[in-house]
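Written below as structure tokens is the structure these notes are about.
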Amino acid sequence: MTKKITVIFFIITLMVSVPLFASYQVEVTPSLSLGALYDDNIDLDNADEESDWIFVLTPGVALNITSQKNNLSLNYSPSIVRYKERDENDTVRHSASMIFSQALTQNLEFRISDTYLKSEEPLEETENIIGVRRTRESYQRNTGDAGMRYSFGPSNLFEVGYRHSWLENDDPTIDDGTIENPYASYIYWFNVRHGLELNAEYTRAEFTREDISFTEPEDDYSGFTQGIGYRYRYNPQSTFFMHYDFTNRDFKGDTIDYDVYEGTVGLEKNISQDMSYSISAGYFLRKNDLDEEDDGLNADISFTKTFNRGTLNISGSSGWSEAYLEAESRGFTKYQSVTSIFNYQATTNLMNNISLSYRQDKDEASRKSKTVSAGYGWSWAFLRYYSMSVDYTCSVRDDDLDTDDYLVNRVMFSLRWSRPFR
């Protein structure tokens with residue numbers, strides 16, 4: 066069923082877009098990259114670290130078709146992966162994405178997107194996926210999103226859509242699952258200063274597992290999120306906002322149902338064309354059916370600065386999250402995180418990047434984990450269509466469960482060719 070949903074997303078995109086191709090501008094960009102990765106702890110094992118060289122050959126193709134009212138972007142990159150020592154991990158990875166948008170009228174837009182990944186990497190690069198895998202067995206992850214967006218007035222917007230995510234694992238001890246999210250949002254400005262926000266989302270999650278000899282899969286659940294907010298724009302560059310959300314979760318098994326009440330106030334400000342920030346803070350309270358309470362602070366901060374040759378992004382957040390569709394199913398979790406990324410173009414052809422991140426999670430059993438990651442990389446472009454890059458990352462995890470601690474260093478050397486054809 067989950068794979069059928071992915072196919073449906075793709076077919077809908079082609080059915081909508083193909084009749085309009087005649088007036089499109091087409092760009093096809095084939096690519097080919099060869100990489101060598103050294104990993105000093107391929108199983109993320111704190112007690113028995115094993116290193117290996119991993120060689121990756123990745124052909125790829127990107128297709129972009131645009132017109133005045135329509136845009137289609139398709140990307141596909143399979144990767145042939147070979148391990149020097151642990152050849153039982155040899156595999157073929159797949160990465161694909163699709164984005165399509167069509168202006169049906171001057172105010173009404175249809176959009177659809179889909180991303181697909183098949184990999185054996187234990188540290189997932191998918192955004193907001195924190196769970197760690199302890200084997201190199203393959204897994205597949207897909208997320209599709211389709212919706213309609215209607216804009217009216219200077220800044221008014223109504224949006225309705227449907228999101229579908231699924232995860233399948235070759236490891237029989239890890240949950241497979243799907244999560245469906247129909248959603249809607251509404252922003253209306255009464256005048257230039259005062260605005261109203263409304264949002265609603267329904268969630269349905271289902272989980273299965275091949276091997277239930279050790280433990281059962283997570284309980285299926287459903288629930289709603291509803292929110293209301295107020296925005297005050299006191300000048301063209303600055304907006305104050307306050308928001309309230311209510312979320313409920315109804316589990317089918319023995320997991321205890323709960324409700325979450327959350328309030329937030331914040332400020333968004335564009336200081337100049339090359340500098341902006343947003344900051345918010347609030348409080349959340351979770352109550353379950355046993356009248357037990359758990360609370361905490363939620364906060365978000367984001368700062369962006371653009372220089373002549375680079376950009377700096379700093380972001381931080383704290384609050385609560387739900388980690389079910391991951392290798393480590395931690396359920397309701399309180400977290401704090403900070404991330405910074407600095408990109409600098411040293412010369413016309415040489416780009417550098419530095420990143421640093423920290424995250425702390427605490428689950429319902431009061432188990433804590435702290436993860437710190439740092440990275441540095443550079444990329445040199447030459448002969449117009451070629452580039453060479455070196456990337457280094459170091460990740461450290463300190464977990465209350467000592468067997469889940471790890472330290473891993475990775476260095477990636479790669480050579481890439483890419484040429485657009487119009």
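Here the working numbering is used: the first residue of the sequence shown is 66, the next is one more, and so on. Where is the CB? At the ideal position from N, CA and C, for every residue including glycine. Every value quoted in this text rests on a predicted model; they were computed, and no experiment measured them.
Check the DSSP bridge columns for Gly218 and list the partner residues they point to. BP columns for Gly218 are empty, so no partner.
Just to confirm before moving on: does the CB-CB distance between Met416 and Gln410 stay below 8 Å? yes
Can you tell me whether Thr170 is buried or exposed, with buried defined as 16 or more other CB within 10 angstroms of its CB? exposed
Unbroken stretches of the beta strand (DSSP E), 3 residues or longer, contained in the stretch 216-275: 221-234, 241-254, 259-273
So, at 6 Å on beta carbons, what are the nonlocal neighbours of Ala161 in its own chain, with the 5 sequence-adjacent residues on each side left out? Tyr141, Tyr181
How many whole angstroms separate the CB atoms of Glu245 and Ile252, which I take to be in contact at a CB cut-off of 8 Å? That belief does not hold up - the Cβ atoms of Glu245 and Ile252 are roughly 24 Å apart, past 8 Å.
Entirely within the stretch 344-391 and at least 3 residues each: give me those beta strand (DSSP E) ranges in chain order. 358-371, 375-388
Classify Ser88: buried if its beta carbon has 16 or more other beta carbons within 10 angstroms, exposed otherwise. exposed
Quick check on Val146: buried or exposed, where buried means 16 or more other Cβ atoms within 10 Å of its Cβ? buried
With distances taken Cα to Cα, identify the nearest neighbour of Tyr389 among Gly381, Glu271, Ala346. Glu271
In angstroms with no decimal places, state the Cα-to-Cα distance between Phe397 and Asp428. 6 Å
Beta-carbon contacts of Gln302 that lie in its chain and below 8 Å, excluding the five residues immediately before and after: Lys334, Asn335, Ile336
Would the stretch 147-155 count as touching the stretch 230-240 if we require 3 or more Cβ pairs under 8 Å? no
Quick test of your reading: Phe120 and Asn172, contact by CB under 8 Å. State the CB separation rounded to the nearest angstrom. That belief does not hold up - the Cβ atoms of Phe120 and Asn172 are roughly 51 Å apart, past 8 Å.
Is the distance from the Cβ of Tyr323 to the Cβ of Lys370 below 8 Å? no
Please state whether DSSP places Phe203 in a helix, a strand or coil. Residue 203 is actually Ser in this sequence, not Phe. Reduced to three states, the DSSP call for Ser203 is coil.
Closest to Asp110 by CA distance: which of Tyr471, Arg475, Met477, Ser483 is it? Tyr471
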